[in-house]
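*Asks:*
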Amino acid sequence: MTEVDADSQHTRAPVRFRAWLPHDRNWLAAITQFPGTIFFNVSTFAALLHNATTHQEDRRVWRPDFYGSTLFLVASLFAILALGRLLSFRPRSLSWWIAWLNMIGSIFFMASAIASFVLPSTGELINNPVSVGGTLLGAVCFLLGAILLFPAWRRAVQAATKPRTPEDRQHQRRTQ
496 MTEVDADSQH
506 TRAPVRFRAW
516 LPHDRNWLAA
526 ITQFPGTIFF
536 NVSTFAALLH
546 NATTHQEDRR
556 VWRPDFYGST
566 LFLVASLFAI
576 LALGRLLSFR
586 PRSLSWWIAW
596 LNMIGSIFFM
606 ASAIASFVLP
616 STGELINNPV
626 SVGGTLLGAV
636 CFLLGAILLF
646 PAWRRAVQAA
656 TKPRTPEDRQ
666 HQRRTQ
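What follows is the structure, given as structure tokens:
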């Protein structure tokens, strides 16, 4: 992990494989989303078990799914806050679109998690169509956000390599 800005982008810096950066909202988003992903993987593998009782299914599948969805919502909130204010509207910013697509996907995942609770009295899900639809729409939102990362990365690289002032041009010539 490195902290890079326009002034330090051409200066070599050591790479840190781990760091404690609780003041960095991007770091908070990543550190929150990681255990959420682990919970989702646990619930996915547990869902493959057959002949589970209602109680076992809620404990092994629904709870990790619900916890993962909660952590994804928190991570999405941190990502939006890393862009500035919570309710800012910047439709020309790819970062804004990526963060909000992830938030909408997280909301769909939470709706799916809530709808996936198995009722002890009937052994049925609260709402199967919402469960399936929420998972599908959440995944589509995350996929679109991931696809938008490519043009966002390209713009960031182009901005970093484009000299802005005569002094920047001289500095870039010296470092090449």
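Taken in order, the sequence shown gives residues 496 to 671; the numbers are from the working numbering.
Don't be surprised by glycine CBs; every beta carbon is placed ideally from N, CA and C.
1. For R557, count neighbouring Cβ atoms within 10 angstroms of its own Cβ and tell me buried if that reaches 16, exposed if not.
2. Output needed for E552: all residues of its chain with C-beta closer than 6 Å, excluding positions within five of it in sequence on either side, in chain order.
3. Using DSSP with H/G/I as helix, E/B as strand and the rest coil, what is V569?
4. Once the 5 residues before and after I599 are set aside, which same chain residues still bring their CB inside 6 Å of it?
5. Please classify L582 as buried or exposed, where buried requires at least 16 neighbouring CB atoms within 10 angstroms.
6. Tell me whether V652 sits in a helix, a strand or coil according to DSSP, three-state version.
7. Let me check understanding here. Comparing Cα to Cα, which of D519, R650 and S564 lies closest to R587?
8. Quick check on the burial criterion: 16 or more other C-beta atoms within 10 angstroms. Buried or exposed for T527?
9. Would you identify the three-state DSSP class for L620, choosing helix, strand or coil?
10. How would you call G531, buried or exposed, if buried means at least 16 neighbouring beta carbons within 10 angstroms?
11. Do you know whose CA, among L568, W595 and F567, lies nearest G579's CA?
*Replies:* Let's see:
1. A small fix is needed here, since residue 557 is Trp in this sequence, not Arg. When all chains shown are included, W557 counts as buried.
2. V613
3. helix
4. C636
5. exposed
6. helix
7. R650
8. buried
9. strand
10. buried
11. W595
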